[in-house]
Structure formats: structure tokens, C-alpha cells
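Colleague: Letter by letter, the sequence shown follows residues -6 to 672 of my numbering. Glycine included, each C-beta is placed from N, C-alpha and C at the ideal position.
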Amino acid sequence: MELLPMRVGIEVGGTFTDLVVSDGKNTKTAKVPSTPANPDKGAMLAIEAAGLRLEEITELIHGSTVATNAVLERKGGRVCFFVTQGTKDLLLIQRHDRRAIYDLQYQKPKPVVPRHDTCEINERLSADGKIVTKLDNEVTSALVRNILDKGKFDSVAICFLHSYLNPIHERALSKIIATLYPNMPITCSCDVAREFREYERASTTTLAAYVQPVVAGYVTRVSQELERKGFQGQFSIMQSNGGRMPAGAMAQNAITALFSGPAAGVVGAIRGKGNTNFSDIITLDMGGTSTDVALVSNDQAELAPMTMIDGLPVKTPVIDIVTVGAGGGSIAWVDDGGLLRVGPQSAGAAPGPACYGRGGILPTVTDAHLVRGTLQVDSFLGGTMSVDLGAASHVIGKIAEKFNIGLPEMADNIIRVAEANIVRAIQQVSTERGSDPREFALLPYGGAGPLHAARVAEDLNIDRVVIPPNAGVLSASGLLLSDYVHYRSQTNRLLLSEQNLSRIKTNIDSLTMEAKDYLLKLGIQPNKEIETSLEMRYVGQAFEVPVKLTEENVDNISLALLQKLFAEAHHKIFEFSKPKGDPVEVISIRVGVGEKTPKLPVQPNEKDMDPDPKRTKVNIIERGVTSETIILSRNELVGEEFSGPLLIQDESSTVYVPVEWQVSMDEYNNIVLEKGSKK
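1. Go ahead and pull the three-state DSSP assignment for R417.
2. Please say whether P206 and C183 have beta carbons closer to each other than 8 angstroms?
3. What would DSSP say about P443, mapped onto helix, strand or coil?
4. Find the nearest neighbour of A404 within the set A325, D381, L296 and G352, judged by alpha-carbon distance.
5. Where in the stretch 509 to 597 do unbroken runs of the alpha helix (DSSP H), each at least 4 residues long, occur, reported from the N-terminal end onward?
6. Under the three-state reduction of DSSP, which class applies to S428: helix, strand or coil?
7. Contact between the stretch 244 to 251 and the stretch 225 to 233: three or more CB pairs below 8 angstroms?
8. Ends of the beta strand (DSSP E) at P306?
9. Report buried or exposed for D278, applying the criterion of at least 16 other Cβ atoms within 10 angstroms of its Cβ.
10. Hey, which unbroken runs of the alpha helix (DSSP H) at 4 residues or more fall wholly within the stretch 123 to 170?
11. Tell me, please, which residues DSSP counts as bridged to H109.
12. I need the DSSP call for Q483, collapsed to helix, strand or coil.
13. Can you tell me the Cβ-Cβ gap for H479 and A508, rounded? I've got them flagged as a contact below 8 angstroms.
14. Would you mind listing the alpha helix (DSSP H) stretches within the stretch 447 to 503 that are 4+ residues and don't spill past its ends, in chain order?
15. Which stretch, first to last residue, makes up the beta strand (DSSP E) that contains Y438?
16. Within the same chain, show all residues whose beta-carbon is closer than 7 angstroms to that of S272, passing over the 5 residues directly before and after it, in chain order.
17. Hey, V335 and S323 are a contact pair by Cβ (cut 8 angstroms); roughly how many whole angstroms apart?
18. According to DSSP, simplified to helix, strand and coil, what is D659?
19. Does DSSP put Y203 in a helix, in a strand, or in coil?
20. Report yes if the CB atom of G471 is closer than 8 angstroms to the CB atom of G267, and no otherwise.
21. Ignore the nearest five residues each way along the sequence and tell me which others in V72's own chain have a CB closer than 8 angstroms to its CB.
22. If I measure Cβ to Cβ from N520 and keep anything under 7 angstroms in the same chain, skipping five residues before and after, which residues do I get?
23. State the start and end residues of the unbroken alpha helix (DSSP H) segment that holds H362.
24. Between which residues of its own chain and S167 is the CB-CB distance below 7 angstroms, once the five residues before and five after are set aside?
25. Assess contact between the stretch 301 to 320 and the stretch 86 to 104, defined as three or more Cβ pairs (one per stretch) separated by less than 8 angstroms. Is contact present?
26. With DSSP as the reference, please indicate the residues paired to F228 in a beta bridge.
27. Cα separation between G681 and A560?
28. For the beta strand (DSSP E) holding N115, just list the boundary residues, first then last.
29. Looking only at C-alpha atoms, which of N19, A43 and S551 sits nearest to K498?
30. Check N681 in the structure and name its three-state DSSP category.
31. Let me check one thing: in DSSP terms, what residues is D96 bridge-paired to?
32. Ordered along the chain, which non-local residues of its own chain (more than five positions away) have a Cβ less than 6 angstroms from that of K672?
33. Run through the DSSP bridge pairs and tell me what A325 is partnered with.
34. Nearest-angstrom Cα distance between P255 and S134?
35. Residues in the same chain with beta-carbon distance under 6 angstroms from D643, minus the five sequence neighbours each way, listed in chain order, please.
36. When the Cα of G258 is compared with those of T269, M238, L288 and P239, which residue comes out closest?
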């Protein structure tokens, strides 16, 4: 009898580590507390909790916050940064903007490489990539030896002016360093950020070199531990762009793993709901530490060409996600003006909310839910995790005294403030970018997302909420559902004209072949539809608008087509487009290729056949109204429709259905909430 391939996804979050395993027919989940000081230990604990034997696993896909934490906690490697002579202060000068214009104490973000570890090399390219000052190999070798012999560096970053057009000098310096120091990790800007804007390119390169030793060490430790315990399958790592890559390749391009967890959640949201009619969704991932939201149109998540971490720019494709400090562990506090605030500080996994009994002494959103009744003491991890209602009541009581109100009212206020923070985040990815949230369904996941979804939807005038199976571990499901994906980009500024069409097409084809060849060398067969995006703008504008091209568009590229697509994309964001004839230019081109991954099986839900179920009822005080709320299991929804108020429990999450909402289950086992009665 042939064994079915066993695929496992493990996502390490700030509070919990989630696991999903599938053999192609059945799916099983597990959830264990994270171990922030040793995240790989949490991954192994999840495997043990699921009762898996590593020798039986054929493929393991992993997502973690290791790269993110290395930057936020400033625990990366020591980097020696080589720059063009005269640009030593590039990382310190940054941009002339001021993100907090009314903050008199404002300081620019601190780079990960200090000035004394930045070294100038006597070389120069012109703005069109031609050599102005040639790099002298002998002089440079002596300089490199003098610098690297003195300092105990963990990695090297190289970012020369205009090297995105001509990498000759970066390649020459890299070869010199590799010859002198064969074991030194080297990161060149022409490999990680082949696009213009010198500061952003330098920031990306130094961040890549900074997290490289940490991520490479983590991947090596996990790989060795897996191998020691009998694992012989494929090991891959999730990227911020929604695709994954083999672990070995990721160890050499760690910067793409910065936001792997949130990206996996969006992939899980898109594909985990099945072939439903809900192709336009707003994802809401609320875990223990934060909430991540993203907008998905026609089952396609928006890719941003750049993101920020700790105030520093990272120029690499990422799923366009907005994050706010509103998770289950977010701490409620009172500001100097006497106003109630929630987050961004979080109790995290250690010590966690007060109700966890691990030393937490501050009120959190999870404590508030327990006090209000929207979470029950027997609902955590399917009843396998014990919590302390008394401890939650104690910490909520302390803050309630400051406002002179009762416990349930205080708990409800904390939850409402957290929901207001989430609403503002969703507005950033929708209304502020030209999309009406009312035209989308809200898709919540994470341990806390389904608890807040209906009220968040109401505040945005969204009338449908879709909650996929295993919502509490959907990010781990997203790992199993993610494709192998690799992106290549290049800045090559061209005026949009008939004369330049062939050059634009040639550049697209060249990047496509580069990306395909790279995947083939890794043993990955590109069979996914090619993603092509042009960064375009009107001549004279400061920033670009992404214009997506289908494979058919690329095959039939024309001046009229590009003008039309650009005008539509520009109008969606800025509510205007200039008359025909105004010059437009293509700044950069990005191409993504990949290999498809099989879908997860739809797990059949068996209807609860108890003809007279004895349902538990609890009183919940919400928005000043006390409601008698029935508690149901997920299976009780099969073939039925119920009206709120309800609490629907499964092993990984709890769904809150308020008054005036209807709930049912569709053919893909999604829980569907609709505002008002069905007509």
C-alpha cells in the first residue's frame, strides 16, 4: 500500500505556535504556546503535540518571526558596510522627511549599521552605469584586509552608487572579500535590491546582511534537529511575498522572510475558503500580539514594492499588510489625559495575559473577553488549556476602579477600543487606497479574529463575514497552500513610447528567464502563471504606481494598452488621470514565477445528531445591553441557520455572533455571518 505524502506547516507566532498536517485526504491541527527565547523549540513541541513521526513527514513548510525579531530587538549580526567614497553617511542622512512633524523629540530611525562600521571604497559609476572611477583591486584588497582583520564582523554588506545598473564593482569587491575570507557571508545590493533610490537600497542591503547570520543559524539548527530525529523530506521557508523557497536558498536571502507569518495568513485566507463566491475579501488576522489586515481583490493579494520595519525601509516585494498593536495580549492602560488605550504594548507569550497564570499582572484583551463572557474558561485550545477567571477579573477590576464602572462594562470598553484600532487599520488598506470596504467580505482568522469580526464589520458597513475551517491556525494552513515563488526586479527608466516598447518587452523577458533559471537550479519547476508588474508614473512625479500585466498583456503589449492600464491604476489611487499625451515613464519592472502547490482537502463536518441538545447559555454585557447568548459547537451549524447572539466554539477559535446577525455553514465548511435576515 502506497503511503500518502504527509505535508506539515508550522507557523511560530508571538504567543502561539500553530501546526497543520495534511496527507492529501485528511487534515489535523495542533496549537502550543510559543517559546520566544528559543522559537525552534516551539516548532518541535508542536510536532510532538500533533503526535507526528518526523520520518513520515515528506514536506515541512515553516514560517517564523526570527528575522523580524532580530531587527526589532537589535540582535542581528555585526555588519561591515562598504559604500562608494563620499557616501559614508548615507544610512544616517536617510530622507529629509519627518514622520512625526509635531514631536519635538523626534529622531530618525537608527540604522542597524553604525557609522564606524561603514567603510568607503574609491570607485564610482555614473547615473547611467558607466565607470567613472575604476576600482583598484590591490588597493581595495589591502583596505579590506585592514578593516576586516581589526573588527569581529559577522557579515559584509556592499552598496555602491548606481550598481543596480552595473554591478561590476560590487562583484569585484565581493570576489576580493570571498578570496580573503571564504567563510564571510556577503550581501550585495545588486542581488537583493536592484532598484534605484540609494537610501532605500542601502537600508535593504544592510538589513539583509544584519539578519543573515541569525536566520542562517536558525535554519541550520532546525534542519540539523529535524535530520537528527529522522526527517528526510523537503524543508522550505515562507517569504513575505506570499510564496516559499527551499530552506537552503532562504538562508542566503533572509531579508525576504521578514513577514512570513502574516503573509502565510493571507495565503491561507485566499485559498482556505475554497472556491466560494467571496473573491473580494479583507483579511483580519488577530493573534496574541497584533492584528494584521490586508485587502484581496479577485483572490489576488496586493504586493507592495517596499515595506518598513522599525522605521527602516525594506525594498523587497511584500504582501501589502497593515499591522496594529491590537492582539489578544494587547495591554489596556490609561494615558496622561485619562483616556483608555489598548496596545501597542503586549503581554506576548511570556508572561502573557493574567488569566494564563504565568505571571501576567496587566489587563489584556483576552482577560477582557474572559470577564465579559465572550471567551469561556473551557474554550482555550479546545479545553486543553486551563485559565484563571479570577486573575482576569482582578486585573480588569484595577482599571475599572479608575473609571468607577463595573467589571463587565470595563471589559466591554477594552474590547471596543481594540476593535476601533482594527477598524482604522482596515481603512488604511481600503478607503485610503481607493477601495470601498462595503464591497468586500471580512475574513477573520487567528485565535481572536472571529471574536471581533462581526462588530468590526458593522463599523465598516460590511454585511458579510466568512470564517474558514481551522481559522485559529489559518496561517499554518497558508504555509501548506503557498506556492514556490521567486521575484526578480530591475530599475531601467524608459519613456513610454513606441520606440521603447521592444526594450520594455525585452526587459520583461530577461527578468522572467532569470527567475526561471534560478528556480530550475533549485529543482523547482515553474508552472505558475507569471506575475508581471510595471512601476510607472507621469514624468515629473516623485513616486510610482504599480501596473499589473497578465501573461496575455505581455504577449500583446502595446502603447495603447499600457497607457490605458496606467490611467486606470493611477485613477484608482489618486481619483484622477491626466489627458492623453502627457508623458509617462516606466521606472522599474518586477516579475514573479513559481511552482503551484496542491490544495488541501475539504474536511467533511458531521452534523451533531443529538435531537435535544442541552445548550449552555451565558449572559454577555455588550455596548450597555445584556444578552442571553447560546454556546454552540461548529458541527451544530451543518445544514442549519441560527440567529445571534451566539458563541460558536471549535478547537482553535471562538466565533461571536451578535444580535441581528445570521449564521450558517456553506459547502466548503466556511462559517458565514450575514447582517440582518436573509431575503
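Modeller: By the coordinates alone:
1. DSSP places R417 in helix when its eight states are reduced to three.
2. Taking 8 angstroms as the Cβ cut-off, C183 and P206 do not qualify as a contacting pair.
3. If DSSP states are grouped into helix, strand and coil, P443 belongs with the helices.
4. A325
5. 544 to 548 and 552 to 567
6. coil
7. yes
8. It spans L305 to V307 - the beta strand (DSSP E) in which P306 sits, taken as one unbroken run.
9. D278 counts as buried, since at least 16 other C-beta atoms from the protein chains shown sit within 10 angstroms of its C-beta.
10. 130 to 143
11. Bridge partners of H109: none, in fact.
12. Reduced to three states, the DSSP call for Q483 is strand.
13. At roughly 5 angstroms, the Cβ-Cβ gap stays under 8 angstroms, so H479 and A508 are in contact.
14. 467 to 474
15. A434 to Y438
16. Cβ within range, chain order: N291 and D292.
17. 5 angstroms
18. coil
19. Of the three classes helix, strand and coil, the one that applies to Y203 here is helix, per DSSP.
20. no
21. V105, V106, D110, F146, D147, S148, V149, A150, T199, A202 and Y203
22. E588 and K589
23. V358 to R365
24. I151, I179 and C181
25. yes
26. L53
27. Residue 681 lies beyond the range of the chain shown here (-6 to 672); nothing can be said about it.
28. Looking at the DSSP string, N115 is not in any beta strand (DSSP E), and its letter there is neither H nor E.
29. S551
30. Given that the chain is displayed from residue -6 to residue 672, the structure contains no residue 681 and the question cannot be resolved.
31. DSSP output for D96 lists no bridge partner at all.
32. Because K672 carries a pLDDT of 40, less than 50, the predicted location of this residue cannot be relied on, and no value is offered for it.
33. V335
34. 43 angstroms
35. R627
36. L288
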